[in-house]
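In numbering that gives the first Met the number 0, the protein residues as written are 0 to 543.
Virtual Cβ for every residue (Gly too), placed ideally from N, Cα, C.
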Amino acid sequence: MSGRFSDLPDLSIRRPTLIVVMNLLIVIAGMSALFGVEVRELPDIDRPTVMVRAFFDGASPETMDAEVTSVIEGAVARVSGVKTINSASEENNARVRAEFSLKTDLDVAANDVREAVSRIKRRLPEGVEDVTIVKADTDASPIIRLALVSDRLPQEALTRLAEDDVTAELSAIPGVATVQLFGNQERVLRIVVEPMRLARFGLSIDDVASALRSTSLDVPVGSFKSDNQLLLVRADASIWRPSDIEALELRTDIKLGDVARAYYGPAEAESYSLLNGRKVIGLGIIRRAQSNTIAISDDVDKAISRLNRRLDGASIVKVSDDAQFIRGSVYEVVTSLLIAVGIVFTVIYIFMGSLRATLIPAVAIPVALIGTIAAIWLIGFSINILTLLALVLATGMIVDDAVVVIENVHRHRTLGLKPLAAAVVGTRQVFFAVIATSATLISVFLPIAFLPSNAGQLFTEFGIVLAIAVAISSFVALSICPLLASRLPPMSGEQGGEADGDSEDADLRQVLQTCNCCLSKTDVGAQVFHAPKCHLARARAHTH
């Protein structure tokens with residue numbers, strides 16, 4: 000088996016085109032992966048989170064907790080994979096936050112929660128409405144803040160524009176869980192009752208409320224079918240004009256307009272959003288759990304451009320974007336990676352003293368790094384601060400194997416072997432040393448990927464990427480490096496000149512036969528000490 004493993008250096012000399020193509024495939028795969036791999040600040044360690052919200056107008060926090068929150072909690076707790084449940088009951092609304100285990104699929108969890116909540120809706124009070132399920136933590140801070148600005152539209156018109164047009168466009172972006180509005184004031188119908196007139200006619204507020212409730216009647220009553228068509232019939236008694244509302248009869252000859260006044264106006268402001276001292280509608284984009292912040296930011300920029308071209312009398316301004324910090328962090332780490340590569344090249348050149356010999360490890364570094372990016376995309380990881388840190392650390396490690404191979408090949412050439420023979424003999428001599436070194440490094444860094452809890456999730460990509468980079472560097476050092484080393488011109492201290500092609504081929508065949516002989520008759524330990532002497536003796540005898 001050892002002979003089969005160590006045939007890679009021989010193959011690199013016998014079939015140079017095959018080795019070059021294999022390394023080029025690694026580079027092409029890495030370059031292709033650059034356009035498809037995700038870029039984010041940190042690895043994906045977000046726990047799948049589903050938020051359930053319910054609204055009950057006029058309910059106190061105690062009522063919400065007893066009649067709404069506890070019922071929803073019981074339903075969500077029965078969903079498979081739930082790890083923790085947190086809830087909050089406030090005036091008019093309740094929130095239940097369910098956090099699932101890391102291996103749970105977020106879409107499946109959201110569907111399970113939606114089914115569980117739908118089964119208990121009949122147990123909720125009659126006034127509970129707008130029960131929503133969101134695949135995110137709505138208590139989280141928005142990753143992007145926008146402002147809808149207008150110089151001529153009132154606040155209620157801006158609110159309607161934000162709800163009907165802007166929010167729908169932004170919510171459709173992949174990775175966006177919800178869009179929060181700040182400073183919005185909806186246009187509502189107000190009924191102002193005059194108590195003195197109400198008392199004069201002997202009426203109460205309940206009479207007014209009963210009359211208003213009757214205005215929302217809109218029910219289907221059947222259908223009318225003929226030979227050519229089918230007509231659906233419905234009873235629509237809903238009214239929305241203030242004049243029609245004031246014409247409602249509270250009692251014979253007494254209309255609502257006699258005791259109250261109806262008009263449309265802005266709702267009571269619960270929050271204000273200001274931009275440079277001017278009232279605006281603020282929009283906060285909450286990202287979905289396990290989504291890419293940078294990809295969301297790019298899609299939001301495109302959506303803003305489309306909306307600004309379409310909106311009349313209003314425009315959208317980006318106030319803040321968390322993706323800017325992430326891009327800056329990634330840029331700084333990439334800069335550090337380039338600096339590290341430059342320093343490694345300089346150190347190799349100083350100690351090897353030959354620019355051409357330095358170029359061989361210089362080829363091994365980018366091939367290994369670019370090949371690692373292909374592996375990152377294939378596994379489903381992302382380019383983030385920790386994976387880039389792994390590449391920075393790997394820069395100094397992946398060059399070690401190439402330097403060892405080049406130095407040993409150079410030593411054999413100075414001892415009298417021709418370039419092709421020296422490449423085979425030198426690489427075979429250090430073959431298992433390179434494999435052992437790489438295996439040791441992999442065994443050190445790979446267990447980091449199996450750390451428990453959030454720390455393990457955070458460093459999983461770091462450990463695996465580092466191990467992959469070391470493994471690819473071993474293949475590159477044992478394949479392309481001997482090939483390039485055999486093509487180097489005569490070095491200082493190398494004995495003899497260049498032989499012609501026939502002599503070189505004969506020398507290579509003799510050495511390869513010797514290598515196979517030694518490998519078949521000796522074990523690994525004997526090979527290290529005996530085989531090089533056998534190689535040198537037969538090669539020199541062949542030369543003379």
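Here the alpha carbons of R159 and A261 stand approximately 21 Å from one another. Rounded to whole angstroms, the Cβ separation of L282 and L147 is 7 Å, and the two are in contact under 8 Å. In this chain, the alpha helix (DSSP H) harbouring G462 covers 452-485. Taking each of T48, S140, S59 in turn and checking the Cα distance to D106, the smallest one comes out for T48.
Leaving aside the five residues that flank V26 on each side, the residues in its chain whose CB is nearer than 8 Å to its CB run, in chain order, P365, V366, I369, G370. Scanning E185, P173, Y348 for the CA closest to the CA of D298 turns up P173. The beta carbon of A373 lies closer than 8 Å to those of I25, A28, G29, S31, A32 in the same chain, with the five residues before and after it left out. Taking all protein chains shown into account, F350 has fewer than 16 neighbouring C-beta atoms within 10 Å of its C-beta and is therefore exposed. Fewer than three pairs of CB atoms, one per stretch, sit closer than 8 Å, so the stretch 249-257 makes no contact with the stretch 155-170.
For V403, the closest C-alpha among the options L337, S473, A420, E460 is that of S473.
For A53, the closest of N307, V133, L354 by C-alpha to C-alpha distance is V133. With a minimum length of 3 residues, the unbroken runs of beta strand (DSSP E) contained wholly in the stretch 179-211 fall at 186-192. By the CB criterion at 8 Å, Q184 and E155 fall inside the cutoff. Its chain contains L160, G312, A313 as the residues whose beta carbon lies nearer than 8 Å to that of L152, once the 5 sequence neighbours on both sides are disregarded; these appear in chain order. A58 is not a Cβ neighbour of V116, given a cutoff of 8 Å. Note: F54 is bridge-paired with N92, E128 in the DSSP secondary-structure output. In this structure, the alpha-carbon of V127 lies about 51 Å from that of V332. Across the structure, L273 and V279 are spaced so that their CA atoms are roughly 6 Å apart. Nearest to T177 by C-alpha distance, out of E162, L188, A401, R189, is E162.
DSSP, reduced to helix, strand and coil, places S242 within a helical segment of the structure shown.
One alpha carbon belongs to S478, the other to K301, and they sit about 46 Å apart. Going by DSSP, R309 is part of no beta strand (DSSP E) but of the alpha helix (DSSP H) stretching over 292-309. According to the DSSP secondary-structure assignment, N85 is paired through a beta bridge with R96. Judged by DSSP secondary structure, P360 falls outside any beta strand (DSSP E) and instead within the alpha helix (DSSP H) spanning 354-378. The residue among A470, V391, A422 with its C-alpha nearest the C-alpha of L440 is A470. Counting C-beta pairs closer than 8 Å gives fewer than three between the stretch 433-448 and the stretch 9-26, which falls short of the contact rule.
Put simply, the stretch 334-346 does not touch the stretch 314-325. Fewer than three CB pairs are less than 8 Å apart. Under a 10 Å Cβ-count criterion, G276 is classified as exposed, with fewer than 16 other Cβ atoms of the shown protein chains found around its own Cβ. Around the C-beta of F458, 16 or more other C-beta atoms lie within 10 Å, and the residue is accordingly described as buried.
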